Structure formats: structure tokens, C-alpha cells
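Inspection log for the structure reproduced underneath, given as C-alpha cells.
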Amino acid sequence: LGFNTVDLDGKPFTSQVSAGDQVKAGQVLTQMDLDAVRQAGADTTCVVVLTQADQVESLEVADPKTVKVGDKVAQVT
Numbered sequence: 042l043g044f045n046t047v048d049l050d051g052k053p054f055t056s057q058v059s060a061g062d063q064v065k066a067g068q069v070l071t072q073m074d075l076d077a078v079r080q081a082g083a084d085t086t087c088v089v090v091l092t093q094a095d096q097v098e099s100l101e102v103a104d105p106k107t108v109k110v111g112d113k114v115a116q117v118t
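Heads up, the sequence shown is in our numbering, so the first residue is 42 and it goes up one at a time.
Rendered as C-alpha cells:
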């Protein structure tokens, strides 16, 4: 999450899941303290990477914009 955040040693992040957990649509995976990231001089941009693209039936991406909590940014089926 973010760019140039590796030097923050994970401090502004709180994971809500562990490796191997099963997750559901809408489940919070992690939380990021945006103010702490900005104060450290890092970028808060988040990149989403889809693996196993051969299993993706459809991908709908919303218009690019700044989003707020609860905004739908994409739907993958």
C-alpha cells in the first residue's frame, strides 16, 4: 500500500487478516493510517494487482478519481 512505504517498517498499517485466511467480498484486509504515511513523506496511492487472470470472468473498473471510504472502485468476477 502506498509508494515508498517499506521504510516505515509497517507502522502505519494494521492487518486484519493473516496468510492463508479465507476472505469474503467487502471484508477489510488492512488499515492504513494515511496521515502517518503522508507525514513520513510517502505516497498514499494504492495499486491493485490481480493474479490468476485466467480465472477472471469479468473486470469492471469505475472511473478513475479520488475515492472515499465505501466507494466501489472495481468489481471482479
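Yeah, the Cβ is synthetic: ideal placement off N, Cα and C, and Gly gets one too. Source: prediction; values computed, not measured.
Going by beta-carbon coordinates alone, are residue i and residue j separated by less than 9 Å?
i, j, result
"V117", "V97", "yes"
"L42", "M73", "yes"
With DSSP run on the structure shown, which of helix, strand or coil describes residue i?
i, result
"Q72", "strand"
"A115", "strand"
"V90", "coil"
"C100", "According to the sequence displayed, residue 100 carries Leu and not Cys. DSSP places L100 in strand when its eight states are reduced to three."
"D50", "coil"
"D62", "coil"
Among the options, which one has its Cα closest to the Cα of residue i?
i, options, result
"T85", "V102, D95, S59 and K109", "K109"
"D50", "D112, D104 and A83", "A83"
"D112", "A60, G67 and V47", "G67"
"V58", "L70, C87 and Q93", "L70"
"N45", "C87, A60, K65 and Q72", "C87"
Can at least three beta-carbon pairs, one atom from the region 68 to 82 and one from the region 44 to 58, be found at a separation below 8 Å?
-> yes
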